[in-house]
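J.: In mature numbering (1 follows the signal peptide of the UniProt record, and there is no 0), the protein residues as written are -15 to -1, 1 to 360. Heads up, the beta-carbon is just placed ideally off N, CA and C, and yes, glycines get one too. Remember, it's a predicted structure, so these values are computed and weren't measured experimentally.
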Amino acid sequence: MRLHLLLLSLALVQGAGDYYKLLQVPRTASERDISKAFRRLARTHHPDKNPSNREKAEQKFKELTRAHEVLKDPQKRQIYDATGRDPDEVPPTGFGGPSSGFSGFPGGFPGSQAPPPGFSFGGTPGFDFPFQSSPRRGPTPGQQNDILDELLGAFLGRRRGQTSFTERQAPPQEPEKEVFHEMHLTLDQLYAGARRKIRVVHQVPNSWTGAYETLKEVYSVRISPGYRNGTKLRFKGRTREVNGMQFRLPPVTITIHEKPHPFLVRTGKNHEDLLYVCNLTVDKVLSGRTLRLRVPLPCGKTAEVRLKPKDLEAAARRLSAREMEAQMHWNAISRVFVAEKKLVGMGMPRARGLGLQYGDLLVRFEVIVSKAAPA
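1. Only counting the same chain, and skipping five residues up and downstream in sequence, which positions put a Cβ closer than 7 Å to that of Thr199?
2. I'd like the span of the alpha helix (DSSP H) that includes Glu43, first residue to last.
3. Contact between the stretch 38 to 46 and the stretch 63 to 72: three or more CB pairs below 8 Å?
4. Hey, which unbroken runs of the beta strand (DSSP E) at 3 residues or more fall wholly within the stretch 238 to 318?
5. Quick one: what does DSSP say Ala336 is sitting in, helix, strand or coil?
6. Check whether the stretch 251 to 266 and the stretch 333 to 351 touch, using three or more Cβ-Cβ pairs below 8 Å as the test.
7. With DSSP run on the structure shown, which of helix, strand or coil describes Tyr204?
8. Just how far apart, CA to CA, sit Arg213 and Ala301?
9. With a 10 Å radius around its C-beta and 16 neighbouring C-beta atoms as the bar for buried, classify Ile353 as buried or exposed.
10. Around the C-beta of His242, are 16 or more other C-beta atoms found within 10 angstroms, so that it is buried, or is it exposed?
11. Who are the near neighbours of Pro72 in its chain, counting only those whose CB is closer than 7 Å to its CB and skipping five residues on each side?
12. Leaving out five residues on either side along the sequence, give the residues of the same chain with a beta carbon under 7 Å from the beta carbon of Pro281.
13. Taking a contact to mean a Cβ-Cβ separation below 8 Å, would you say Arg181 touches Ile208 in this structure?
14. Between His12 and the rest of its own chain, which residues show a CB-CB distance below 6 Å, the 5 nearest in sequence each way excluded?
15. Tell me which same chain residues have a C-beta within less than 7 Å of the C-beta of residue 361, skipping the five on either side of it?
16. Please return the same chain residues whose Cβ sits closer than 8 Å to the Cβ of Arg7, not counting the five positions on each side in sequence.
17. What are the boundary residues of the alpha helix (DSSP H) that includes Lys6?
18. Going by beta-carbon coordinates alone, are Asn255 and Arg335 separated by less than 8 Å?
19. Compare the C-alpha of Leu276 against each of Cys284, Thr266, Lys244, Gly285 and name the closest.
20. Should Val270 go down as buried or exposed, given a rule of 16 or more other Cβ atoms within 10 Å for buried?
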């Protein structure tokens, strides 16, 4: 009796609704149009967007999700278009004849090639199974329950070993892949430190649709004074809510790149010193007068350097004709060192304890001498 009532109730179960109507798309809609329509409706009917009627929203969202699953899959869509039923409700081979039992289920009824005698549902449309008599023993109560599970699963969209659609959960997102970005700053910006905002574009998988969503996230980057070229700043992964749906953004690594300066170069063990090279002419070196030089610094100030005649005496000796003749070849360019001055505390900043300390400014004087080949 229990078996009869359960199977009789199955006859009243209706097939899947109109998935095209549910997604508000025509039957000729492309896969892209179907996914686009689903995303639009999913935002509206997401349970988090309808807290006052969450239960109804959950049911609607599940129906939309199932419709999208079927119509975006070419094989499932073909079955749905041909039968008007959810593909999971269509048995693989249908119900067989009297000699094959329930051929829609592997092996038919256990212990027999045909269903056990004594069961007929002629009064129920679609459940008229003429059973032939057989001397073999029919299914046990436990086997009948297994058969019912198979039959219920065929009508309710699941098979043995599978959970029902209402029990399905959103598949997990793919493992987070670190995103790398670059930020180019001037020497002046690295000297003073700054705060910059950078926009990073993420391609994040939608755990419900399987499609990728494009999300733009803004990161606030703090540039400490004295950052070096190649410094890496790392941001942990974060969660972003869009239209009531949660997306997990991957971690981001931002690499600092220093733009070339027109006349200053970072040097020293920790790149804390600044080097400025001043090219002099031979006439200035041999003039015997004090030379004055002003060097603009990244902090906005100007450093003044003086080169007195006594500092040029050694350079003048190196520039003697005989020494230059020995050093040079025809058409060669020779760089002759004159002097170097150090201005303490005028270099790049560096963090020390709770405060900042500064490197040095090195000013190097050189003479570039060239000699043309004889005519």
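T.: Let me spell this out:
1. Val186, Gln188
2. 39 to 57
3. no
4. 249 to 252, 258 to 265, 276 to 281, 287 to 292
5. strand
6. yes
7. strand
8. 38 Å
9. exposed
10. exposed
11. Val55, Lys61, Ile64, Tyr65
12. Thr287
13. yes
14. The displayed chain sequence assigns Arg, not His, to residue 12. The answer, listed in chain order, is Tyr5.
15. Lying before the first or after the last residue shown, residue 361 is absent from the chain, which here runs from -15 to 360.
16. Looking at the sequence itself, residue 7 is Leu, so the reference to Arg does not match. Hits under 8 Å: Glu48, Leu49, Ala52.
17. 4 to 8
18. yes
19. Thr266
20. buried
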